Structure formats: C-alpha cells, structure tokens
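Participant: For what it's worth, the numbering used here labels the leading residue of the sequence shown as 695, then goes sequentially. Backbone N, C-alpha and C fix where the C-beta goes; we use that ideal spot for every residue, glycine too. As the structure is a prediction and not an experimental result, all values here were calculated from the model. One structure, as structure tokens, below. Some questions next.
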Amino acid sequence: MADDTPRTSTARGGAPSSLRDRTRQAMQAEVSVVAFRLFAEQGFENTTVDQIAAEAGLSRTTFFRYFGTKEDVVLGNLAELGREISAALAARPADERVWDSLRGAFDAVNQINTDTPEQALRFVRMLHQTPSLRARHWEKTRDWQNLLVPEVSRRLGTETPTPQDPRASALVGSALACLDAATDAWTACDGTTPLSVLLDRAMSALTQ
Numbered sequence: 695m696a697d698d699t700p701r702t703s704t705a706r707g708g709a710p711s712s713l714r715d716r717t718r719q720a721m722q723a724e725v726s727v728v729a730f731r732l733f734a735e736q737g738f739e740n741t742t743v744d745q746i747a748a749e750a751g752l753s754r755t756t757f758f759r760y761f762g763t764k765e766d767v768v769l770g771n772l773a774e775l776g777r778e779i780s781a782a783l784a785a786r787p788a789d790e791r792v793w794d795s796l797r798g799a800f801d802a803v804n805q806i807n808t809d810t811p812e813q814a815l816r817f818v819r820m821l822h823q824t825p826s827l828r829a830r831h832w833e834k835t836r837d838w839q840n841l842l843v844p845e846v847s848r849r850l851g852t853e854t855p856t857p858q859d860p861r862a863s864a865l866v867g868s869a870l871a872c873l874d875a876a877t878d879a880w881t882a883c884d885g886t887t888p889l890s891v892l893l894d895r896a897m898s899a900l901t902q
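This is how it looks when you write it as structure tokens:
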C-alpha cells in the first residue's frame with residue numbers, strides 16, 4: 695500500500711521519541727537501505743538475512759534485535775502507518791460521514807506515495823511478486839482494521855464494538871479493500887494517475 699522508507703517518528707500522543715528510539719530508528723533505516731539495495735540487485739527471496747547483516751556490518755543476532763523477520767525490513771513501518779491512519783481518523787470532524795472520514799484518514803498513505811513515488815512503486819511491485827511478503831502484509835493490514843473499528847463504532851453511536859453489530863467491521867473492511875484496489879491500479883499504470891484519484895474512484899463506486 696505504501697513504501698517502507700524509514701521515517702522520523704514521534705511517540706504516541708505527539709511527544710518526541712527518546713534518544714534510544716531515535717538510535718534504533720536510525721539503525722533500522724541504515725539496515726533498510728542496505729537490504730533494499732540487495733533486494734533490487736538479486737531479488738527478495740534470493741537475499742538472505744546473513745547477507746544483509748554482513749553488508750550492514752552486523753551480526754545475525756544483532757540484525758534480529760532490530761527486525762523480527764526479513765519481511766519486517768520491508769513491512770516494519772506498516773504498524774506505525776496504521777497508527778497514523780487511526781489518529782487521522784480520530785481527528786476528522788465529528789459530524790462527517792463515516793465513509794468520508796475513512797477516505798480522509800487514508801491521506802496518510804497518499805502522502806507517502808506522493809513524497810517518494812519511485813520507492814513506493816518498487817515496494818508494491820516487490821510485494822506483488824513475493825508470496826511471503828504478501829502474506830505478512832495481509833497480517834499487518836489486518837491490524838489496521840483492529841485499530842480503525844473502535845473509532846468507526848464510536849462514530850456510529852456504539853462506544854464498544856459488539857459481535858452482533860457488523861457495521862463498523864464492514865465499513866473498515868470495505869475501505870481497506872478500496873485502498874488495495876486503488877494501489878493495484880496505481881501500480882498497473884506506473885503511478886501516472888495519482889493514488890488519491892484512484893482511491894476516490896474506488897471509494898465512490900461503493901456509494902453509487
């Protein structure tokens with residue numbers, strides 16, 4: 695859905711991240727640059743953790759202090775991006791239609807793709823070509839649904855989601871499906887049509 699270019703972040707609530715967090719982020723960014731170069735040269739599946747660690751000047755053990763899996767080098771920032779989308783959703787006007795609020799919250803994804811379009815295209819193409827990445831990506835974006843459903847439920851007048859009320863899950867799941875469809879279309883056209891335009895088209899289709 696978006697590239698995994700490491701970004702300087704803040705702790706939840708907008709507080710500056712600690713020195714330890716910034717050091718960790720800097721190391722992850724450094725290793726990611728090395729890893730993405732190797733992925734580009736020889737493919738994701740042909741690149742091993744040992745190769746990435748050696749190129750980055752780390753031991754295998756140290757690599758796993760910063761990344762749980764090789765897939766996390768590519769997808770690690772999805773959790774942070776999910777939190778950004780969730781925060782953007784919570785900040786939308788209270789009287790706005792829920793569907794419109796979800797669309798507005800996805801601007802966090804659009805911004806990344808606009809800022810670094812070539813990197814984002816490489817990321818999505820690699821994702822499409824690598825089964826292990828697709829599976830891991832699905833797991834992580836399922837976490838987005840868990841983040842977004844409570845706020846959507848609140849906007850629908852239900853403070854706590856219940857199994858008997860599928861509305862929030864249906865809305866969030868549909869919105870994420872639209873984001874996936876728009877991303878696929880954006881990749882297919884080599885980014886010539888902005889993701890934001892394609893996302894508008896996809897989400898508008900479900901309101902006709």
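Between the Cα of Val767 and those of Ser726, Gly751, Glu790, spot the shortest distance and give me the residue it belongs to.
Facilitator: For the residues Ser726, Gly751, Glu790, the minimum Cα distance to Val767 belongs to Ser726.
Participant: I believe Pro855 touches Ala864 by the beta-carbon criterion, under 8 angstroms. Please report the beta-carbon distance rounded to the nearest angstrom.
Facilitator: Not really, about 12 angstroms apart at Cβ, beyond 8 angstroms.
Participant: Counting C-beta neighbours from all protein chains within 10 Å, is the total for Cys883 16 or more, i.e. buried, or is it exposed?
Facilitator: exposed
Participant: Taking 8 angstroms as the threshold, find out whether the stretch 782-791 comes into contact with the stretch 805-815 through three or more Cβ pairs.
Facilitator: no
Participant: Quick check: what's the CA-CA separation for Val866 versus Arg828?
Facilitator: Each residue's alpha carbon lies about 20 angstroms from the other.
Participant: Please work out which residues of its chain come closer than 7 angstroms, Cβ to Cβ, to Arg830, disregarding the five sequence neighbours upstream and downstream, and give them in chain order.
Facilitator: Glu765, Leu769
Participant: Would you report the Cα separation of Gly708 and Glu778, rounded to the nearest angstrom?
Facilitator: Unreliable placement is indicated for Gly708, whose pLDDT of 45 sits below 50; the coordinate value is still reported in the next sentence. If you take the alpha carbons of Gly708 and Glu778, they lie about 11 angstroms apart.
Participant: Just the Cα atoms here: how many angstroms apart are Gln719 and Arg759?
Facilitator: 12 angstroms
Participant: Using the Cβ count rule (16 or more neighbours within 10 Å means buried), how would you classify Ala814?
Facilitator: buried
Participant: Answer with buried or exposed for Val843, where buried requires no fewer than 16 other C-beta atoms within 10 angstroms of its C-beta.
Facilitator: buried
Participant: Taking just the CA atoms, how far does Phe800 sit from Arg754?
Facilitator: 36 angstroms
Participant: By Cβ distance below 6 angstroms, which residues in the same chain neighbour Phe761 in space, the five residues on each side in sequence not counted?
Facilitator: Val767
Participant: By a C-beta neighbour count over all protein chains shown, 10 Å radius and 16 as the cutoff for buried, is Arg849 buried or exposed?
Facilitator: buried
Participant: Just to confirm my understanding: we take Leu772, look at its own chain, exclude 5 residues before and 5 after, and list those with CB closer than 6 angstroms. What are they?
Facilitator: Lys834
Participant: Distance, Cα to Cα, Pro857 vs Phe817?
Facilitator: 35 angstroms
Participant: For Leu732 versus Thr742, is the C-beta spacing smaller than 7 angstroms?
Facilitator: No, the Cβ-Cβ distance between Leu732 and Thr742 is not below 7 angstroms.
Participant: By Cβ distance below 7 angstroms, which residues in the same chain neighbour Val846 in space, the five residues on each side in sequence not counted?
Facilitator: Val792, Ala862, Leu865, Val866
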